[in-house]
Amino acid sequence: MAREIKHVDHCVEYIREALMCQPDLGMVTFRWINNTAQHEDKSGFWPTNFDVDTHRCANWDALNNWAGQRMFNLFEVDKLQRPMPEV
């Protein structure tokens, strides 16, 4: 079981690296509702997000289908085709 946990940890690390190294750099700014911060009654007045950038999302269905077609059990090594050793 320790080997499986180590493998999962390795995969999660790859996901973390991808998120850190290829982040969505689209800007999300804020603006005051009614476009002013000088409102007399501040109790119902707050900033809201103003998404001015286009974000590119991953096609998760396509990615999952692609990965599913290439899936194998890493721990059933007898089913893997091994390369021929060089002479």
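Counted from 1, the sequence shown has number 47 at position 21 by the working numbering; the numbering is strictly sequential. C-beta: ideal position from N, C-alpha, C; glycine also.
Q | Identity of the residue in 30, 104, 97, 73 nearest residue 56 by Cα | A | Out of 30, 104, 97, 73, 73 has the C-alpha closest to the C-alpha of residue 56.
Q) Under a three-way DSSP split, which group does residue 57 fall into? A) Three-state DSSP puts residue 57 in a strand.
Q: For residue 85, name the three-state secondary structure that DSSP assigns.
A: Looking at residue 85 - three-state DSSP - the assignment turns out to be coil, as it is neither helix nor strand.
Q: On a CA-only basis, which of 51, 94, 100 is nearest residue 80? Give me that one, please.
A: With distances taken between Cα atoms, residue 80 lies closest to 51.
Q) Leaving out five residues before and five after residue 125 in sequence, what residues of the same chain have Cβ atoms less than 8 Å from its Cβ? A) A query on residue 125 cannot be resolved here, the shown segment of the chain reaching from 27 to 113 and no further.
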